[in-house]
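Have a look at the structure below, then the notes.
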């Protein structure tokens, strides 16, 4: 976070409509959560982009590192049996 | 994130269509993601491969130091321009000729503030804080667009800014929607969509004036006369004198040269001016059958250099205003921080 007298950084997530997930739309500076929410309303939903906003202090987010991407995400690739397409279905079986 | 309501209104063609295409490209590029560099892979080679494949560089990826510096400079100056750019138009908010025009102008200036914030946020992903960037602007070590150092003398200037200045900005920014740096490309997509509203509202102001009384018509023509060349100068020095161009093109930060974009802008404006019934103040402007483009008189680049170096009509006024707002607002920022600290300490005490 930045130097003295300045406000912390917040990450903003907006849900466009009911049924959709919140999507990260950007970030902004604000002294507290209340103002972050109001600023996010003005900044990211001026044109009916959303119906729900989450603001999270950027410092509260822990991100995976691109360097460890392969090692970190590998299990999905070597456990093919996790995918339904791994299994053979005999001919003529319906609704499976 | 944009409501379908807007895109659907009239099928996007032209510049807006290009923005949509850039957005679609962003998604395709993401699907082609080749994953992280292997343990043996050279980081610089990986960076080049990603850029060459039209994929996006993201904040935590390795990047050449000069790429990072160039982007910080470009994005920050872009952000500063949005912030300083609120002044020439803000000058007319209290004097807008009708409530409708006033409401539109307010919405537009609010957008500019938003664009500034999107861009500062994009710059911050490169490891510099917004406070540092603001400090660089206030101390004069970073610049903003030359165009905002020109005064808004009449209401028609608000129209000319929308049509020409925002128009030039869009021509410049649409290719940036394809920039190799992901956060910048995404910010530009968002900005361009909103900028398009600005350009159209400006055009409508001029169109109304140009078809009004003879005094209104004269005011519109006068605004075009004064803003035409400064708008052409917005594209920067001619290709031969542009210092950052070659490297920026290789890194796919820039996609077209200054002169290419300027030409594109002129070609667009000629037809639009005809519909307005106004005359572009260039006696040598004419269609060149061979080039399939308009020949035109170049802006005064010596003037551009003077304005960039701080000696334009309004440079001092713009900076003084910005500094005053920053200094006079210090106690408000301190109060907000103190209040936030107090609220946070209250929450920690169990009740």
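Chains as they are written, first to last, in my numbering: chain A, 268 to 363; chain B, 479 to 829.
Glycine included, C-beta positions come from ideal geometry on N, C-alpha and C.
These numbers come from a predicted model, not from an experiment.
I want to see whether chain A comes within less than 8 Å of residue i, judged by CB atoms only; does it?
{"i": "residue 592(B)", "result": "yes"}
{"i": "residue 546(B)", "result": "no"}
{"i": "residue 522(B)", "result": "no"}
{"i": "residue 531(B)", "result": "no"}
{"i": "residue 677(B)", "result": "no"}
{"i": "residue 817(B)", "result": "yes"}
{"i": "residue 508(B)", "result": "no"}
{"i": "residue 814(B)", "result": "yes"}
{"i": "residue 802(B)", "result": "no"}
Kindly say whether residue i, judged by its beta-carbon, lies nearer than 8 Å to any beta-carbon of chain B.
{"i": "residue 293(A)", "result": "yes"}
{"i": "residue 274(A)", "result": "yes"}
{"i": "residue 298(A)", "result": "yes"}
{"i": "residue 305(A)", "result": "no"}
{"i": "residue 319(A)", "result": "no"}
{"i": "residue 287(A)", "result": "no"}
{"i": "residue 313(A)", "result": "yes"}
{"i": "residue 302(A)", "result": "yes"}
{"i": "residue 310(A)", "result": "yes"}
May I ask you to report which of helix, strand or coil DSSP gives residue i?
{"i": "residue 291(A)", "result": "strand"}
{"i": "residue 731(B)", "result": "coil"}
{"i": "residue 766(B)", "result": "strand"}
{"i": "residue 539(B)", "result": "coil"}
{"i": "residue 777(B)", "result": "coil"}
{"i": "residue 598(B)", "result": "helix"}
{"i": "residue 693(B)", "result": "helix"}
{"i": "residue 622(B)", "result": "coil"}
{"i": "residue 556(B)", "result": "helix"}
{"i": "residue 362(A)", "result": "coil"}
{"i": "residue 709(B)", "result": "helix"}
{"i": "residue 805(B)", "result": "helix"}
{"i": "residue 586(B)", "result": "helix"}
Which residues in the same chain have their Cβ closer than 7 Å to the Cβ of residue i, if we skip the five residues on either side of it in sequence?
{"i": "residue 737(B)", "result": "716 and 717"}
{"i": "residue 687(B)", "result": "634, 637, 694, 695, 697 and 698"}
{"i": "residue 652(B)", "result": "493, 496, 497 and 670"}
{"i": "residue 536(B)", "result": "660"}
{"i": "residue 543(B)", "result": "none"}
{"i": "residue 766(B)", "result": "772 and 773"}
{"i": "residue 555(B)", "result": "620, 621 and 622"}
Per DSSP, which residues does residue i bridge with? Please list them.
{"i": "residue 319(A)", "result": "282(A)"}
{"i": "residue 237(A)", "result": "This structure cannot settle anything about residue 237(A), because the visible part of chain A is limited to 268 through 363."}
{"i": "residue 324(A)", "result": "277(A)"}
{"i": "residue 771(B)", "result": "766(B)"}
{"i": "residue 524(B)", "result": "Paired residues: none, contrary to the question."}
{"i": "residue 659(B)", "result": "535(B)"}
Since residue i and residue j are thought to touch, with beta carbons under 8 Å apart, how far apart are those beta carbons, to the nearest angstrom?
{"i": "residue 559(B)", "j": "residue 623(B)", "result": "4 Å"}
{"i": "residue 557(B)", "j": "residue 594(B)", "result": "5 Å"}
{"i": "residue 711(B)", "j": "residue 782(B)", "result": "4 Å"}
{"i": "residue 497(B)", "j": "residue 730(B)", "result": "17 Å between Cβ atoms; not a contact."}
{"i": "residue 320(A)", "j": "residue 307(A)", "result": "5 Å"}
{"i": "residue 772(B)", "j": "residue 744(B)", "result": "5 Å"}
{"i": "residue 310(A)", "j": "residue 592(B)", "result": "5 Å"}
{"i": "residue 453(B)", "j": "residue 754(B)", "result": "Nothing in the structure corresponds to residue 453(B), since chain B is present only between 479 and 829."}
{"i": "residue 662(B)", "j": "residue 792(B)", "result": "With a Cβ gap of about 28 Å, residue 662(B) and residue 792(B) do not count as contacting."}
Could you name the residues of the same chain whose beta carbon sits closer than 8 Å to that of residue i, not counting the 5 residues immediately before and after it, in chain order?
{"i": "residue 587(B)", "result": "564, 567, 568 and 571"}
{"i": "residue 819(B)", "result": "none"}
{"i": "residue 534(B)", "result": "504, 507, 508, 528, 658, 659, 660 and 663"}
Grab me the residues of residue i's own chain with a C-beta within less than 6 Å of its C-beta, minus the 5 sequence neighbours each way, in chain order.
{"i": "residue 325(A)", "result": "276 and 278"}
{"i": "residue 762(B)", "result": "775"}
Proximal residues, the segment 580-608 of chain B versus chain C, C-beta separation under 9 Å: Although the question refers to chain C, the structure presented lacks it and instead comprises the protein chains A and B.
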